[in-house]
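Below is one structure, written out as structure tokens; the observations come after it.
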Amino acid sequence: MSYTDAISDKVLQSIHMSETEFLREVAIMLFQQERFTLGQASHLARKLQGRKELYSSRQGG
Numbered sequence: 001m002s003y004t005d006a007i008s009d010k011v012l013q014s015i016h017m018s019e020t021e022f023l024r025e026v027a028i029m030l031f032q033q034e035r036f037t038l039g040q041a042s043h044l045a046r047k048l049q050g051r052k053e054l055y056s057s058r059q060g061g
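Heads up: the sequence shown at position 17 corresponds to 17 in our numbering, and the numbers run straight through without jumps.
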């Protein structure tokens, strides 16, 4: 199960965010609420950046 199996494309479109942007905002919010440590938020951000780079390379850009 990926991060966004529960988040539909329709929802992401309605909030004008990509999957990566949405998950980054969730990580920031959880850190601000002290539910994520800085390490956990950083780990998620690195994973998201890696996915973004992989997607970009597959799209030729």
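Each residue gets a CB set at the ideal place from its N, CA and C atoms; glycine is no exception.
Which same chain residues, not among the five before or five after residue 15, have their C-beta less than 8 Å away from its C-beta? 22
Taking the alpha carbon of residue 24 as the reference point, which residue from 33, 46 and 34 has its own alpha carbon closest? 46
Start and end residues, alpha helix (DSSP H) containing residue 67: Given that the chain is displayed from residue 1 to residue 61, the structure contains no residue 67 and the question cannot be resolved.
Taking the alpha helix (DSSP H) that residue 14 belongs to, which residues open and close that run? Its alpha helix (DSSP H) spans residues 9–14.
State buried or exposed for residue 38, treating a residue as buried only when at least 16 other CB atoms are found within 10 Å of its CB. exposed
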